[in-house]
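Below is one structure; the comments refer to it alone.
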Amino acid sequence: MPVRVAIIGAGVSGVVLANYLTRAQAEVHWQSARPAVEGLLSVTIFERRPTPAGPDGGALLIQGEGLTILDELGVGAELRAASSGKLPQDQLFVMRDALLELLLGCLAAQPNPSEVKTNTEVACLQETSDGVLLEHRPLLTCQGGRWVRNHNPHLESELFDIVIGADGNAPSSQVAKSIMGDELARAESVSLLVLQALVPCETPCEPYQEYLQGAGRVSGKFEISPVVGLAPGSLGTGSAATLQQWEACTVTVPSQDPMRNFPRPERWAENIMSHTKSIAEGTVRLAANSIVESAQRGTIGRLHAWVPFHKNDLGRWRSSSGRLVVLGDAAHLMPPTLGWGASCAMGDAKRLAICLTEGLSQPLLQCSGSSLAANLLADLDDFAESRRGVVAPIMLASVNESMKLSGAAPAVAT
Ligand SMILES: Cc1cc2nc3c(=O)[nH]c(=O)nc-3n(C[C@H](O)[C@H](O)[C@H](O)COP(=O)(O)OP(=O)(O)OC[C@H]3O[C@@H](n4cnc5c(N)ncnc54)[C@H](O)[C@@H]3O)c2cc1C
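Note that the sequence shown covers residues 57 to 470 in this note's numbering.
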């Protein structure tokens, strides 16, 4: 009987983890000449979005270990080839949907791919002596030909040996809340508002970045960057997706109580324009305005706004039985100010996959009672410790950058 692994969330960390688990399993089958049908792990991803790679989200910077992982999974070269070459060699700026599309495509191309259950929101988790009972329901339901939020309380349940929380932002992560409780999983919004205009383009402008000055102190950041995105019609084509160049114009500005003062979507373009006025360089100002106007007008371009959240470290990354484990934003939620969230989430996923698959050729999960085998618990603790060592300094630098942008004093000197 294969070990039943559920991953909640088909975001960056969930899809990278599934890719590594599926590949490791295929290698073990090959090395140990076990029949593929026997299966060592069965991996199911639960994603509440109907289309995990839908056009919801902006551009993600990928750097450091994130780039190595994209190369290992076989999508790095393609993304680099589609990038304009105007960013430093050790960075890639890519639309979130394009990245997920390629990573989901790689997963689907594996000989024994994970199952991805979309439009499936995990509502509740319960640890039992046999495993974790995972209860879910459709996020949307079709009523009179229209997709609307599902209010039917009926839940389906399934039993898993291990449930991995790749479900993002700790306060809404079911796994983080199950491990730490609602109160301790809470995160704080950062006093910043990020607004982005994104448009496909033939030849992107030169990258440009400056701090916006307000009343004698730093009060925000303005950036123009080339981005790799999907060409029209590429959504749903997986690893065969065609990529094309996009351009992003981003402003990150202080905002008191940003959740309450979050601007309505029809004001986003105007909001960005009000900040681009202060850019001294005439050509950059014109380029910025043209990106924003095209994003506002166009059918393919888009505007995006969000309030970053911050939570230093969840504290514990696994439940005491080891059957619930978190990674990525669910474990450590950093402001996006230095562009490390996605790369750190990918690094967590790779390290966790190594931890879960290292003993695959021997029985891995000898469950004693309701808890996992002691060696696996120790491996999971090593996973959390080693990742904390990588993530903590990056988190501190990102928080300090966000405090600088919001005009506050740094949390701790770097
Ligand atoms: C829609 C979206 C847009 C984003 N846009 C940007 C951006 O423009 N710039 C930036 O820097 N960062 C952005 N981020 C954040 C960035 O992608 C993450 O910080 C980073 O990649 C860490 O990834 P993660 O996999 O840990 O979490 P996430 O990327 O947040 O993925 C979590 C996934 O879990 C799913 N999920 C959550 N709860 C449940 C549940 N109960 N049941 C089923 N599924 C669930 C979510 O739908 C999501 O797909 C965005 C995140 C999201 C979800």
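Positions of the beta carbon are idealized from the N, C-alpha and C atoms, including for glycine.
Predicted model only: the values in this text are computed from it and were never measured.
ask   = So is Gly224 buried or exposed if we call it buried at 16+ other beta carbons inside 10 Å?
value = Position 168 of the sequence shown holds residue 224. Buried, since its Cβ has 16 or more Cβ neighbours within 10 Å.
query = Who are the Cβ neighbours of Pro227 in its own chain at under 6 Å, not counting the five residues just before and after it?
reply = Stepping through the sequence shown from its first residue, residue 227 is reached at position 171. Excluding residues within five positions, the ones whose Cβ falls inside 6 Å are Ala241, Arg242, Ala243.
task = Would you check if the distance between the CB atom of Leu135 and the CB atom of Leu156 is smaller than 8 Å?
result = On the sequence shown, residue 135 is found 79 positions in, with the first residue counted as 1. On the sequence shown, residue 156 is found 100 positions in, with the first residue counted as 1. Cβ atoms of Leu135 and Leu156: not closer than 8 Å.
ask   = Around the Cβ of Val204, are there at least 16 other Cβ atoms within 10 angstroms (buried) or fewer (exposed)?
value = Here the question's residue 204 lines up with position 148 in the sequence shown. Answer is exposed; the Cβ neighbour count stays below 16.
inquiry  = Taking the beta strand (DSSP E) that Trp396 belongs to, which residues open and close that run?
reply    = To locate residue 396, count along the sequence shown from 1; it is residue 340. Element bounds for Trp396: n/a, residue is neither H nor E.
request  = Can you tell me which of Asn168, Val178, Ala138, Leu412 puts its alpha carbon nearest to the alpha carbon of Ser234?
outcome  = On the sequence shown, position 178 is the one that residue 234 refers to. With distances taken between Cα atoms, Ser234 lies closest to Val178.
message = Three or more C-beta pairs under 8 Å: does that hold for the region 359–375 against the region 386–404?
response = yes
key: Cβ neighbour criterion (16 or more within 10 Å) applied to Asp404   = For the purposes of this step, residue 404 is identified with residue 348 of the sequence shown, where counting begins at 1. Buried, because 16 or more other Cβ atoms sit within 10 Å of the Cβ of Asp404.
inquiry  = Using C-beta distances below 6 Å, list every residue in its chain close to Asn75, excluding the 5 sequence neighbours before and after it, in chain order.
reply    = The sequence position of residue 75 within the sequence shown is 19, counting from 1. Hits under 6 Å: Leu129, Cys162, Leu163.
message = I want to know whether the region 293–306 touches the region 343–359 - three or more CB-CB distances under 8 Å.
response = In short, these stretches touch, since the Cβ pair count reaches three.
request  = Give me the Cβ distance between Pro314 and Ser247, rounded to the nearest whole Å; I'm assuming they're in contact under 8 Å.
outcome  = Within the sequence shown, the letter at position 258 stands for residue 314. Within the sequence shown, the letter at position 191 stands for residue 247. Rounded, the Cβ-Cβ distance is 6 Å, consistent with contact.
query = What is the DSSP secondary structure of Val235, counted as helix, strand or coil?
reply = If you number the sequence shown from 1, residue 235 lands on position 179. Per the sequence shown, the amino acid found at residue 235 is Ile instead of Val. Ile235: helix per DSSP, three-state reduction.
query = Which partner residues of Ala361 appear in the DSSP bridge assignment?
reply = Stepping through the sequence shown from its first residue, residue 361 is reached at position 305. Partner(s): Leu251.
query = Thinking C-beta only, is Ala115 closer than 8 Å to Leu254?
reply = Here residue 254 refers to the residue found at position 198 when the sequence shown is read from its first residue. Here residue 115 refers to the residue found at position 59 when the sequence shown is read from its first residue. Yes, the pair counts as a contact, with Cβ atoms nearer than the cut-off.
query = What number of angstroms, rounded off, separates the C-alpha of Ile220 from the C-alpha of Glu183?
reply = Your numbering for residue 220 matches position 164 in the sequence shown. Your numbering for residue 183 matches position 127 in the sequence shown. Computed Cα separation, rounded: 13 Å.
inquiry  = Within 10 Å of its beta-carbon, does Ser213 have 16 or more other beta-carbons around it, so buried, or fewer, so exposed?
reply    = Counted from its first residue, the sequence shown places residue 213 at position 157. By the 10 Å Cβ count, Ser213 comes out exposed.
key: Run of the beta strand (DSSP E) containing Gly221, from where it starts to where it stops   = Taking the first residue of the sequence shown as position 1, residue 221 is located at position 165. 218–221 is the extent of the beta strand (DSSP E) around Gly221.
query = Should Arg193 go down as buried or exposed, given a rule of 16 or more other Cβ atoms within 10 Å for buried?
reply = As a position in the sequence shown, residue 193 is number 137, starting the count at 1. It is buried - the Cβ of Arg193 has at least 16 other Cβ atoms within 10 Å.
Cα-Cα separation between Asn345 and Met329, rounded to whole angstroms = Working through the sequence shown from its first residue, we reach residue 345 at position 289. Working through the sequence shown from its first residue, we reach residue 329 at position 273. Their Cα atoms are separated by approximately 7 Å.
ask   = In three-state DSSP terms, what is Val93?
value = Position 37 of the sequence shown, counted from the start, is the residue given in the question as residue 93. With a pLDDT of 35 at Val93, under the threshold of 50, the predicted position of this residue should be treated as unreliable, though the coordinate-derived value follows. If DSSP states are grouped into helix, strand and coil, Val93 belongs with the helices.
message = Suppose contacts are defined by Cβ-Cβ distances below 8 Å. Is Ser535 in contact with Gly201 by that definition?
response = The requested residue 535 is not part of the displayed model; the chain covers only 57 to 470.
key: ligand 1 heavy atom lying under 7 Å from the CB of His360   = On the sequence shown, position 304 is the one that residue 360 refers to. The answer is yes for His360.
Candidates Arg379, Thr393, Ser376: closest to Phe278 by CA position = The sequence position of residue 278 within the sequence shown is 222, counting from 1. The residue from Arg379, Thr393, Ser376 with its alpha-carbon nearest to that of Phe278 is Thr393.
query = For Cys180, does the count of other Cβ atoms within 10 angstroms reach 16, so buried, or fall short, so exposed?
reply = Translated into the one-based positions of the sequence shown, residue 180 becomes position 124. With fewer than 16 Cβ atoms within 10 Å of its Cβ, Cys180 is classed as exposed.
ask   = In three-state DSSP terms, what is Met57?
value = Residue numbering aside, residue 57 sits at position 1 when the sequence shown is read from its first letter. In the structure shown, Met57 sits in coil (DSSP, three-state: anything other than H, G, I, E or B).
task = Say yes only if the C-beta of Leu116 is nearer than 7 Å to one or more non-hydrogen atoms of ligand 1, and no if none qualify.
result = Translated into the one-based positions of the sequence shown, residue 116 becomes position 60. Yes - ligand 1 has a heavy atom lying nearer than 7 Å to the Cβ of Leu116.
Runs of alpha helix (DSSP H) wholly within the region 139–183 (minimum 4 residues, chain order) = 152–164
inquiry  = Which same chain residues end up closer than 6 Å to Thr100 when comparing Cβ atoms and leaving out the 5 residues on each side of it in sequence?
reply    = Stepping through the sequence shown from its first residue, residue 100 is reached at position 44. Beyond the five residues adjoining it in sequence on each side, Thr100 comes within less than 6 Å, by CB distance, of Ala62, Glu171 in the same chain, given in chain order.
query = Does the beta carbon of Val68 fall short of 7 Å from some heavy atom of ligand 1?
reply = What you label residue 68 is simply residue 12 of the sequence shown in a count that begins at 1. Indeed, a heavy atom of ligand 1 lies less than 7 Å from the Cβ.
task = Can you say whether Thr355 is buried or exposed, counting buried as having 16 or more other CB atoms within 10 angstroms of its CB?
result = Within the sequence shown, the letter at position 299 stands for residue 355. Result: exposed.
query = When the Cα of Gly463 is compared with those of Leu77, Ala429, Gln269, which residue comes out closest?
reply = Translated into the one-based positions of the sequence shown, residue 463 becomes position 407. Out of Leu77, Ala429, Gln269, Gln269 has the C-alpha closest to the C-alpha of Gly463.
query = Three-state secondary structure (DSSP) at Gln298?
reply = The count along the sequence shown starts at 1 and reaches residue 298 at position 242. Looking at the sequence provided, one finds Thr at residue 298 rather than Gln. Of the three classes helix, strand and coil, the one that applies to Thr298 here is coil, per DSSP.
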